[in-house]
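Asker:
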Amino acid sequence: MNENIMDQAVKSAFPKCVRVDSKPHIFCPGCGHPEVLKALGFAIDDLGLQSKVAFGVDIGCSLLAWDFFNLDTIETHHGRTIPTMVGFKRANPAGVAIAYVGDGGGYAIGLSHVINAAIRNENILVIVVNNAVYAMTGGQEAPTTLQGMKVKTAPCGADQYHINAPEIIRNVNPTAFVARSITTIQFGLRKMLKDALQHQLDGKGFAFVEVLSQCPLNWKTLDKPQETFDFLEKTLAKAYPVKKY
Amino acid sequence: MAEKKFIIGNEALGRAARAAGARAFYGYPITPTSEIAHFWAKEACSEAGKKDNLVFLQAEDEIGAGFMLVGGVLAGTRSFTATAGPGHILMQDAFSMAEAMRFPVVAYIMQRGGPSTSTVIYSQQEVNLAVFGGNGNGYRIVYSPATLQELYDYGIKVFNIAWKYRFPTFLLGDGYLAKMMGEVEIYAPEERGIKMEPTEAYLLEKNRTRPLAEVMPSPEIAQRIAEDGVQYDCFRNCLNLEEETLAVNMEIKAAFDAAAKDIVEFQEYGAPEAATLIVAHGIVSEAAKAAIDALGGKSARLFRPITLRPFPVEELRRAAKGAERIIVAESADNMLARFVKDALCGYISRPVEEYFRPSIGILPSEIAALVGK
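Residue numbers (our numbering), protein chains in the order written: chain A, 1 to 245; chain G, 1001 to 1373.
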């Protein structure tokens, strides 16, 4: 394949706002993040928002998205992406603020930022990628780890409690856009993210989308795609229903 | 028109930020700084404040407030916060990021008693935290005002310095100054010939006047002009390799060292021939001035660093030349004195005399007694 054909192939496979020169991406093989980002990119394209988006990414795997797009992007850590985008949006309401974090950043170390941004109905979109583990740090227990899952900091199996964030968000904010989606339903995910962005464009306040995503590396299913997707679609999606809340 | 007002220090700071053209305050209530937030909240919901699109946001905690402040700066807005003690500790997370990426965040820090919760009243024990509070090398600019008027004067200046040199810039006051009432001359910067440094957004700025490489370490920036002809800027503060991290540190250091010469400020008081040199900062330096006056102005003189970072090293060495005694007085244990000893190591033959009173005020009579000893 010559370079031109390769370029064309990449362009048709990816949203327009994706940065081609930072591809192939540097997420692990089989990771769900690129699927989430791809859906987000298409949603941004569909709404014509490329030059208006301020994209905040967190630490952990999500930071690898720092140059994924041709979008103005800032990377920080520990869920602080959320107040960073809150501060930005308050100072520049014309910008479209997106905070992209993992389930550690969103539900453990940065949980108070999520909840309080929801309580204040901040006009930003928060996307939390839920893969039920801390991935980049080596597979530790997250607030989303399901009962019995054996992870590095719960080698005998995690306990029965886990966070169901959309219910909490809905509880503190009856008007927010709240949804959970999954990487394997690409069109649904893209539609969900587009609706969430529209919520912000309409000035309606807080939008929150959790995305169930696969982590073959830490789920130890790198060479077993069937197991990866069984776990994602049957086990994870059972504990965490995919729907609009 | 300039006018004199009888106000508390915190109000002087709120008015300074307003006069400086600050637009956004992000903070969390903590004594002894809360009146700064009160002032800004009231200002933001006034007719004038609404017209100027002022932002006031009470965060969930100081970690949130610190990162909101970063967000305000990313939008190109003169943004600030106010904090103290345990809140100041939490804000170091965001201040470290600001140091790493050279974001011009501004904080009014009014020191309270420490360590930990301690008292809400007074100390000079947040010097180390303000200067070296992050996991970096302390590339921040720290001013130590000594009077109510200086709260106003330096309350304006910190915004200009932050945006000109693009480093986190802190006004490090104290609880006594925060709560003290007195006369403050309120003026618009232009009345004094002060031109406010222009600001520029980091995100969604499509007409830059300063190249990003001039204001941020280059390994943290990825820029690309996309098919739509628009330039997109991606910033990171997470680096991959030691070499990149070294490059970032060296770029920050080079910029800081170059700026330091222009930024460093100090004050001397008393007869140049006086044998005893007192080194003090902030409100303690005012007590030292009173002591020098009470002693007749001939036996002691003062060297007061106005910038604690960058520290006036050369200027202190010159001042120390010929001094028979050097006394460091501070409401902390060896925070200012460590800078003094570091600067004077190899330049003086007698040890520095220490008067350390953590978390309590130092009276002119105490300093006079030290000089007379």
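Yeah, the Cβ is synthetic: ideal placement off N, Cα and C, and Gly gets one too.
So, at 6 angstroms on beta carbons, what are the nonlocal neighbours of THR1169/G in its own chain, with the 5 sequence-adjacent residues on each side left out?
Answerer: These residues qualify, in order along the chain: VAL1106, ILE1141, VAL1158, ILE1161 and ALA1162.
Asker: Let me confirm a value: SER1331/G is counted as buried when at least 16 other C-beta atoms fall within 10 Å, else exposed. Which label applies?
Answerer: With 16 or more other Cβ atoms within 10 Å, it is buried.
Asker: With burial defined as no fewer than 16 other Cβ atoms inside 10 Å of the residue's Cβ, what is the status of GLU1183/G: buried or exposed?
Answerer: Exposed, by the Cβ-count rule.
Asker: List in chain order: all unbroken beta strand (DSSP E) runs of 3+ residues lying wholly within the stretch 170 to 227 of chain A.
Answerer: Runs of the beta strand (DSSP E) inside the stretch 170 to 227 of chain A: 177 to 182 and 207 to 212.
Asker: Which residues of chain A have a Cβ atom closer than 9 angstroms to the Cβ of TYR1108/G, listed in chain order?
Answerer: Near TYR1108/G there are no residues of chain A at all, since even the closest Cβ is about 17 angstroms away, more than 9 angstroms.
Asker: Strictly below 8 angstroms CB to CB, what residues from chain A border GLU1242/G?
Answerer: Under the 8 angstroms cutoff, chain A gives no residues; its nearest Cβ is about 18 angstroms from GLU1242/G.
Asker: Quick one: is ARG1018/G near chain A, going by C-beta distance under 8 angstroms?
Answerer: For ARG1018/G, the answer is no, since every Cβ of chain A falls outside 8 angstroms of its Cβ.
Asker: Please compile the residues from chain G whose C-beta is within a distance smaller than 7 angstroms of the C-beta of ILE74/A.
Answerer: By Cβ distance, chain G contributes LEU1074, LEU1203 and PHE1235.
Asker: What separation, rounded to the nearest whole angstrom, lies between the Cα atoms of GLU1342/G and THR1147/G?
Answerer: Here residue 1342/G turns out to be Asp, not Glu, going by the sequence shown. Rounded to the nearest angstrom, the two C-alpha atoms are 27 angstroms apart.
Asker: According to DSSP, is THR153/A part of a helix, a strand, or is it coil?
Answerer: The answer is coil: DSSP assigns THR153/A none of H, G, I, E or B.
Asker: According to DSSP, simplified to helix, strand and coil, what is ARG1236/G?
Answerer: In the structure shown, ARG1236/G sits in coil (DSSP, three-state: anything other than H, G, I, E or B).
Asker: Is it right to say MET174/A is buried, meaning 16 or more other beta carbons lie within 10 angstroms of its own, or is it exposed?
Answerer: Reading off the sequence shown, one finds Pro at residue 174/A, where the question assumed Met. Exposed: under 16 other Cβ atoms inside 10 Å.
Asker: Report the rounded CA-to-CA distance for GLU1150/G versus PRO1189/G, giving the unit in angstroms.
Answerer: Spanning the two alpha carbons is a distance of roughly 14 angstroms.
Asker: Give me the Cα-Cα distance between ASN1137/G and ARG170/A, rounded to the nearest whole angstrom.
Answerer: Rounded to the nearest angstrom, the two C-alpha atoms are 43 angstroms apart.
Asker: Assess contact between the stretch 1215 to 1227 of chain G and the stretch 1091 to 1099 of chain G, defined as three or more Cβ pairs (one per stretch) separated by less than 8 angstroms. Is contact present?
Answerer: No contact exists between the stretch 1215 to 1227 of chain G and the stretch 1091 to 1099 of chain G.
Asker: Whether or not the stretch 1250 to 1262 of chain G and the stretch 1315 to 1334 of chain G are in contact is what I'm after, with contact meaning three or more pairs of Cβ atoms, one per stretch, closer than 8 angstroms; do they touch?
Answerer: Segments in contact, no.
Asker: Please tell me whether VAL128/A and ALA117/A are closer than 8 angstroms, where the distance is taken between their beta carbons.
Answerer: Cβ distance not < 8 angstroms, so VAL128/A and ALA117/A don't count as in contact.
Asker: Classify GLY1322/G: buried if its beta carbon has 16 or more other beta carbons within 10 angstroms, exposed otherwise.
Answerer: Looking at its Cβ environment, which holds fewer than 16 other Cβ atoms inside 10 Å, GLY1322/G is exposed.
Asker: Could you tell me whether the Cβ of SER62/A comes closer than 8 angstroms to any Cβ of chain G?
Answerer: Not one chain G Cβ lies under 8 angstroms of SER62/A.
Asker: If you measure between the beta carbons of VAL211/A and VAL36/A, is that distance less than 8 angstroms?
Answerer: Cβ distance < 8 angstroms, so VAL211/A and VAL36/A count as in contact.
Asker: Is GLY1087/G close to chain D? Criterion is C-beta to C-beta, closer than 8 angstroms.
Answerer: The chain inventory of the structure shown lacks chain D, comprising the protein chains A and G.
Asker: Closest by CA to GLU1251/G, which one among ALA1369/G, GLU1099/G and VAL1073/G?
Answerer: Ranking the options by Cα distance to GLU1251/G, first place goes to GLU1099/G.
Asker: Note down the Cα distance separating ASN232/A from SER213/A, rounded to an integer number of angstroms.
Answerer: According to the sequence as given, residue 232/A is Leu; it is not Asn. Approximately 7 angstroms between the Cα atoms of the pair.
Asker: Could you run through the stretch 29 to 60 of chain A and flag, in chain order, every residue whose CB is less than 9 angstroms away from some CB of chain G?
Answerer: Those residues of the stretch 29 to 60 of chain A that come within reach of chain G (Cβ to Cβ, closer than 9 angstroms) are GLN50, SER51, LYS52, VAL53, ALA54, PHE55, GLY56, VAL57 and ILE59.
Asker: DSSP on SER1118/G, reduced to helix/strand/coil?
Answerer: SER1118/G: coil per DSSP, three-state reduction.
Asker: Going by beta-carbon coordinates alone, are VAL96/A and GLY106/A separated by less than 8 angstroms?
Answerer: No. Outside cutoff.
Asker: Given a threshold of 16 other Cβ atoms within 10 Å of its Cβ, counted over all protein chains shown, does MET1/A qualify as buried or as exposed?
Answerer: Its pLDDT being 47, under 50, MET1/A is placed unreliably in this model, and the coordinates cannot settle the point.
Asker: Is the Cβ of ILE1161/G closer than 8 angstroms to any Cβ of chain A?
Answerer: No, no contact with chain A.
Asker: DSSP three-state call for SER1144/G: helix, strand or coil?
Answerer: SER1144/G: coil per DSSP, three-state reduction.
Asker: Out of curiosity, what's the CA-to-CA distance linking GLY30/A and ILE185/A?
Answerer: Approximately 15 angstroms between the Cα atoms of the pair.
Asker: Helix or strand or just coil, what does DSSP make of THR1209/G?
Answerer: The answer is coil: DSSP assigns THR1209/G none of H, G, I, E or B.
Asker: Between which residues of its own chain and PRO1198/G is the CB-CB distance below 8 angstroms, once the five residues before and five after are set aside?
Answerer: Excluding sequence neighbours, PRO1198/G sits near TRP1163 and THR1209.
Asker: To which residues of the same chain is LEU146/A closer than 8 angstroms at the C-beta, ignoring the five residues directly before and after it?
Answerer: Counting only Cβ-Cβ distances below 8 angstroms, and skipping sequence neighbours, we find ALA132, ALA158, HIS162, THR235, LEU236 and ALA239.
Asker: Taking Cβ-Cβ distances below 7 angstroms as the criterion, which residues of the stretch 83 to 100 of chain A are in contact with chain G?
Answerer: Listed by position along the chain: PRO83, THR84, MET85, VAL86, GLY87, PHE88, ARG90, ALA91, ASN92 and GLY95.
Asker: Which residues in chain A sit within 8 angstroms of SER1079/G, going by Cβ to Cβ distance?
Answerer: Result: GLY87 and ALA91.
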